[in-house]
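A.B. asks: If you scroll down you'll find the structure; I have some questions about it.
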Amino acid sequence: MTRTKKHVAAVAKQFADLKFELVATAGTAAVLEKAGLKVERIVKLLEGRPNVIDLLKNKELQLVINTPSGAVPREDEIKIRTTAIYTGTPIMTTLSGAKAAARGIAALKKSGYSVKTLQEYH
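Structure follows, in structure tokens:
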């Protein structure tokens, strides 16, 4: 198990608690299911369809967290990142970025946000 996989369930749980539905390929899905999380399994790009590219093009994903390691996953990551950008879907490639996003989304859901001029702070 990669170092990333060891921490992925905690981050995924943060998103599940925010009412995100989880989608993952087999290896990550197994880690999430072992942690008691509900996840929809999809195939890797080379394994067929539907895959993440299809879901992105169909606007079925709100957010992508993709932390590739190795040569083939790196090639897939380029395709996934390009498609995410093309479709306007936010994408994170590190777990620390995903954790920060989850915290930010949770804060927005809890407190909302407001806009103030700089002068209003002083």
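In case it helps, numbering that gives the first Met the number 0 puts the sequence shown at residues 0 to 121.
The beta-carbon is built from N, C-alpha and C at its ideal position, and this holds for glycine as well.
1) Could you check where the beta strand (DSSP E) with V114 kicks off and where it finishes?
2) With 16 as the cutoff for other CB atoms within 10 Å, does T81 come out buried or exposed?
3) Cα-Cα, which of V7, R48, K18, A100 is closest to A28?
4) Does the segment 91-105 come into contact with the segment 48-65, if we say contact requires no fewer than three beta-carbon pairs (one atom in each stretch) closer than 8 Å?
5) For the structure I just gave you, are there three or more beta carbon pairs, one from the segment 45-57 and one from the segment 11-18, closer than 8 Å?
6) When you compare each of V22, E32, L31 to L55 by their alpha carbons, which one comes out closest?
7) Quick one: is V30 buried, meaning 16 or more other Cβ sit within 10 Å of its Cβ, or exposed?
C.D. replies: With the given structure in hand:
1) The residue you call residue 114 lines up with position 115 of the sequence shown. Here V114 belongs to no beta strand (DSSP E), and DSSP marks it neither H nor E.
2) In the sequence shown, residue 81 corresponds to position 82, counting from 1. Answer is exposed; the Cβ neighbour count stays below 16.
3) The residue given as residue 28 occupies position 29 in the sequence shown. Across the set V7, R48, K18, A100, the C-alpha of V7 shows the shortest separation from the C-alpha of A28.
4) yes
5) No, they do not touch.
6) Numbered from its first residue, the sequence shown carries residue 55 at position 56. Comparing Cα-Cα distances from L55 to each of V22, E32, L31, the minimum goes to V22.
7) Counted from its first residue, the sequence shown places residue 30 at position 31. That one is buried.
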